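What follows is a single structure, written as structure tokens, with notes after it.
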């Protein structure tokens, strides 16, 4: 039998400076949206998962101002807001 493969790649732990440069996002929906927009928000959260709040609990009373106030405490860099137009 052959020998096990020797891993040559280094798995360096990122420094604090590198961690701060990683973009962190918050994906939310605004207003009365349908199932399709809710599913889209869920899918976008899963796509951006390592650095986004994937299990965020939203309420209808939340405003954009609330998310902006929390963003500085969490170190967020991006806020993605999904809404549905009247058709």
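Residue numbers (this note's numbering): 99 to 185. Glycine included, every Cβ here is placed at the ideal spot set by N, Cα and C. Computed from a predicted structure; not experimentally measured.
Opening and closing residue of the beta strand (DSSP E) in which residue i lies
i: residue 105; result: Taken as a continuous stretch (DSSP letters only), residue 105 belongs to no beta strand (DSSP E), as it is neither H nor E.
Those residues which DSSP pairs with residue i across a bridge
i: residue 179; result: 126
i: residue 150; result: 123
Cβ-based burial, residue i [other Cβ within 10 Å; buried from 16]
i: residue 161; result: exposed
i: residue 104; result: exposed
i: residue 145; result: exposed
i: residue 125; result: buried
i: residue 127; result: buried
i: residue 150; result: buried
i: residue 111; result: exposed
Proximity to residue i [Cα-Cα], best of the options
i: residue 156; options: 170, 172, 136, 149; result: 136
i: residue 130; options: 173, 159, 165, 100; result: 159
DSSP-derived helix/strand/coil call for residue i
i: residue 184; result: coil
i: residue 115; result: helix
Element boundaries [alpha helix (DSSP H), containing residue i]
i: residue 143; result: 133-145
i: residue 163; result: 162-172
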